[in-house]
Structure formats: structure tokens, C-alpha cells
Amino acid sequence: MDRSQQNTHAKLMTRDIHRLTPSPTEANCFSVGGISWVSRVETVGTIVYRDMAEKFLKFNVDDGAGCVTCILWLNQLTSPYFNRFSSSTILMHARTARRQARDIRIGAVARVRGRVGLYRGVMQITATNVVIERDPNAEILHWLECVRLSRSCYRIQS
Amino acid sequence: MANSQIESGAPITLQELYPSSPFFMEARSLRVTGLLKGYSVETAIGVIEDGDRSLKINTQHLRDISFRVGSVYQFIGDLHIEPNNEAILQARTGRNVDGIDMNLYRKTVELLRQFLDVEDNINMVE
Numbered sequence: 001m002d003r004s005q006q007n008t009h010a011k012l013m014t015r016d017i018h019r020l021t022p023s024p025t026e027a028n029c030f031s032v033g034g035i036s037w038v039s040r041v042e043t044v045g046t047i048v049y050r051d052m053a054e055k056f057l058k059f060n061v062d063d064g065a066g067c068v069t070c071i072l073w074l075n076q077l078t079s080p081y082f083n084r085f086s087s088s089t090i091l092m093h094a095r096t097a098r099r100q101a102r103d104i105r106i107g108a109v110a111r112v113r114g115r116v117g118l119y120r121g122v123m124q125i126t127a128t129n130v131v132i133e134r135d136p137n138a139e140i141l142h143w144l145e146c147v148r149l150s151r152s153c154y155r156i157q158s
Numbered sequence: 001m002a003n004s005q006i007e008s009g010a011p012i013t014l015q016e017l018y019p020s021s022p023f024f025m026e027a028r029s030l031r032v033t034g035l036l037k038g039y040s041v042e043t044a045i046g047v048i049e050d051g052d053r054s055l056k057i058n059t060q061h062l063r064d065i066s067f068r069v070g071s072v073y074q075f076i077g078d079l080h081i082e083p084n085n086e087a088i089l090q091a092r093t094g095r096n097v098d099g100i101d102m103n104l105y106r107k108t109v110e111l112l113r114q115f116l117d118v119e120d121n122i123n124m125v126e
């Protein structure tokens, strides 16, 4: 198995994200076509659903090949997980997450990077970075990159 | 969960939307792109055009978007077929895509479809 992709954000079409299979031995590690292992992914697509909760923002991204649910946590100021960070770092994370959440609107095109995981049997992305794309060709270029990387990087072609 | 029922909008060109096309189906979720030729504020219905094809878009559910005739827009929505066999897209999302490379878009949609079909076949064999 190729583990060279495990610490990068694999550019995958949403349909392929839903086809990732979990590692039997390692948590939060998934196989692409039985060849490469990934734990982080990058997707670009149109935001088609948005639901703001108290501690997180849940949104769906449609990349033309499927939809994937993304979670952006907004609990940096209250979660014990962040106790190990300095207050200035926590504040910076909280502000960044709030700003990203404000920009996530239905109809916008977003580039989402994050950890992929299974939640209630369905793949979803826990977003670490969300950038709203202004370039009208961003999705097209992402599609082309996904096709190229799928052939040259994530799967062995005979 | 409500959001899990959202169907992805299949990217197509307007040339692919004709009565015998596999995309020409009631409630089919599609992604369409074209030049806005007309827009009625009263009905919230616009008409987009790509080459010699056009499509009506119902934008009544869209917020935070203004329409300018002559600009290029992309919509994701569900197709509704009228009794007279005229199609109208009930848009769920819309955005201005002025500057989009339509030639690249058309070629990439075709390439992406081939890629997804091949992948589907590989998975069926496996």
C-alpha cells in the first residue's frame, strides 16, 4: 500500500470520497481503490445546503459528481480540546472559523480541505480550511486535476 | 436527515437537453450554464442561452443574487417538464460565472463524464 498520500490533502471527486474504505488497523485512515491511503482530502464545489448549529456549521458541497457533508467546528472558545493552546492561538482559530462560516453561503463555490471520516456510516469532511473561490473556472480546473491525479497518483493504471 | 436527500446536479450543456435525452426527466437534478438572455422580476423566471439552445430558469427560491442580462450564470436545480414538453429548471443555487471558459467547460464535462463512467465500470467488475 502507498502511504505517500496520507499526510497530503488528496484531491478527490465527491463520488470517490464516498467510495473510500476504512483501514482495518488504523483509525481515520482510508484506502483509495485499495492502493493509496489517505486521511485528508480536498474538494471544490458549490454549497447547496447550510445549517448553523451552536457549536458547528454543517454544509453540503456539490461537485457535480456527488454531494459531501462538511463540518466546520465553531467551539474553539469552549471545547477542552483547545486547552493545550495559548489563548491568543485559540482566539485566532475561533476568529478564522467564524469568518469562514460567515462566507459559507448557498450558491458559493468553496474549496474545502479537511480530515475525512465516517459518521453514521457516511463519509464526511471535518473542515480545517474553507476558501470561497472567486475564479469561475475553479471547479473546472479541480475536475481536471482530480481526473489527472486519479490516473497518475491514486491508482495504478496498467 | 434532510440534507442527505440532496441530489448532486449533473453538469450538462444546454445542447444535451432535448426530449429524448437521458437528462430530460422530471425532477432530474442538473447543473446548467448559459448567458442570461432575459429575466422577469415579476415571475422570477430567466432564460439562459448557450449556442442555439435556451432554457427557462425559475429563480424564486434564490436569495442574495442579482441578475444582469448579458452575464453568464450557472444554476443547480431540479428539472420540471411542463405538459407542453417545455423544460424549466427550478433553481436551488445560482451564481454569476462571467469569465468562465465555456469551451473548456464543455470539454471538461465530457471528460469528467467519461472518467466517472470508466470508474463505475471498474468498480462493477471488481
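Protein sequences, first through last, are from chains C and F. So the first sequence is numbered by my numbering: it starts at 1 and just counts up by one. So the second sequence is numbered by my numbering: it starts at 1 and just counts up by one. Here a beta-carbon is modelled for each residue, glycine too, at the ideal position from N, C-alpha and C.
At the level of alpha carbons, what is the spacing between residue i and residue j?
{"i": "HIS18/C", "j": "ARG134/C", "result": "27 angstroms"}
{"i": "GLY34/C", "j": "ALA53/C", "result": "36 angstroms"}
{"i": "ALA138/C", "j": "GLU26/F", "result": "30 angstroms"}
{"i": "THR59/F", "j": "ALA44/F", "result": "5 angstroms"}
{"i": "TYR154/C", "j": "PHE115/F", "result": "14 angstroms"}
{"i": "ARG40/C", "j": "LEU112/F", "result": "22 angstroms"}
{"i": "ASP117/F", "j": "GLU26/C", "result": "31 angstroms"}
{"i": "SER20/F", "j": "PHE67/F", "result": "31 angstroms"}
{"i": "GLN100/C", "j": "ILE88/F", "result": "34 angstroms"}
{"i": "ILE71/C", "j": "VAL130/C", "result": "10 angstroms"}
{"i": "VAL109/C", "j": "PRO83/F", "result": "34 angstroms"}
{"i": "LEU144/C", "j": "LEU104/F", "result": "10 angstroms"}
{"i": "CYS29/C", "j": "GLY64/C", "result": "25 angstroms"}
{"i": "GLU16/F", "j": "ILE90/C", "result": "50 angstroms"}
{"i": "ASP152/F", "j": "TRP37/C", "result": "Past the boundaries of the shown model lies residue 152/F; chain F is included only from 1 to 126, so the question cannot be answered."}
{"i": "ILE81/F", "j": "ILE100/F", "result": "28 angstroms"}
{"i": "CYS146/C", "j": "ASP16/C", "result": "10 angstroms"}
{"i": "LEU12/C", "j": "PRO22/C", "result": "16 angstroms"}
{"i": "THR78/C", "j": "LYS56/F", "result": "48 angstroms"}
{"i": "HIS61/F", "j": "VAL48/C", "result": "12 angstroms"}
{"i": "ALA2/F", "j": "ALA91/F", "result": "Bear in mind that a pLDDT of 48 at ALA2/F, under 50, signals an unreliable position, so the number given afterwards is only what the model happens to contain. The alpha-carbon atoms of ALA2/F and ALA91/F are separated by roughly 18 angstroms."}
{"i": "LEU149/C", "j": "SER31/C", "result": "15 angstroms"}
{"i": "MET102/F", "j": "ASP52/F", "result": "14 angstroms"}
{"i": "LEU118/C", "j": "TYR18/F", "result": "39 angstroms"}
With C-beta atoms as the reference, is residue i less than 9 angstroms away from residue j?
{"i": "ARG151/C", "j": "ILE106/C", "result": "no"}
{"i": "ARG98/C", "j": "LEU74/C", "result": "yes"}
{"i": "THR43/C", "j": "ILE125/C", "result": "yes"}
{"i": "THR14/C", "j": "ASP62/C", "result": "yes"}
{"i": "VAL69/F", "j": "GLY38/F", "result": "yes"}
{"i": "THR46/C", "j": "ARG106/F", "result": "no"}
{"i": "PRO136/C", "j": "VAL109/F", "result": "no"}
{"i": "CYS67/C", "j": "SER54/F", "result": "no"}
{"i": "PHE23/F", "j": "ILE6/F", "result": "no"}
{"i": "ILE65/F", "j": "ASN96/F", "result": "yes"}
Should residue i go down as buried or exposed, given a rule of 16 or more other Cβ atoms within 10 Å for buried?
{"i": "ASN7/C", "result": "exposed"}
{"i": "ASN60/C", "result": "buried"}
{"i": "ARG28/F", "result": "buried"}
{"i": "HIS142/C", "result": "buried"}
{"i": "GLU86/F", "result": "exposed"}
{"i": "VAL41/F", "result": "exposed"}
{"i": "SER87/C", "result": "exposed"}
{"i": "VAL122/C", "result": "exposed"}
{"i": "PHE75/F", "result": "buried"}
{"i": "VAL102/C", "result": "Looking at the sequence itself, residue 102/C is Arg, so the reference to Val does not match. That one is exposed."}
{"i": "ASP50/F", "result": "buried"}
{"i": "GLY46/F", "result": "buried"}
{"i": "PHE55/C", "result": "Position check: residue 55/C holds Lys in this sequence, whereas Phe was assumed. It counts as exposed."}
{"i": "SER36/F", "result": "Sequence inspection shows Leu at residue 36/F; the Ser mentioned does not correspond to that position. Classification of LEU36/F: buried, given that the 10 Å Cβ count is 16 or more."}
{"i": "LEU57/C", "result": "buried"}
{"i": "ARG63/F", "result": "exposed"}
{"i": "THR120/C", "result": "The sequence given here places Arg at residue 120/C; Thr does not occur at that position. By the 10 Å Cβ count, ARG120/C comes out exposed."}
When DSSP builds the beta bridges, which residues end up paired with residue i?
{"i": "THR70/C", "result": "With the sequence shown as reference, residue 70/C is identified as Cys, and Thr is not the correct amino acid for it. For CYS70/C, which the question treats as bridged, DSSP gives the partners PHE59/C, ILE125/C."}
{"i": "TRP37/C", "result": "SER31/C"}
{"i": "ASP78/F", "result": "SER29/F, GLN90/F"}
{"i": "HIS142/C", "result": "HIS142/C is not bridged to any residue."}
{"i": "LEU17/F", "result": "BP columns for LEU17/F are empty, so no partner."}
{"i": "GLU49/F", "result": "LEU35/F, SER54/F"}
{"i": "THR21/C", "result": "SER31/C"}
{"i": "LYS11/C", "result": "GLU42/C"}
Would the beta-carbon of residue i be found less than 8 angstroms away from any heavy atom of the ligand SAH?
{"i": "MET102/F", "result": "In terms of ligand content, the structure shown is empty, and the ligand SAH therefore cannot be addressed."}
Chain F contacts from the stretch 49-81 of chain C (Cβ-Cβ distance under 8 angstroms): TYR49, ASP51, LYS58, ASN60, ASP62, ASP63, GLY64, ALA65, GLY66, CYS67, THR69
Short-range partners of chain F found in the stretch 28-46 of chain C, where Cβ spacing is below 7 angstroms: THR46
Interface positions of the stretch 91-116 of chain C facing chain F (Cβ-Cβ less than 9 angstroms), listed along the chain: ARG105, ILE106, GLY107, ALA108, VAL109
Under 7 angstroms (Cβ pairs) to chain C, residues found in the stretch 34-51 of chain F: none
Interface positions of the stretch 127-153 of chain C facing chain F (Cβ-Cβ less than 9 angstroms), listed along the chain: ASP135, PRO136, ASN137, GLU139, ILE140, LEU141, TRP143, LEU144, CYS146, VAL147, SER150, ARG151
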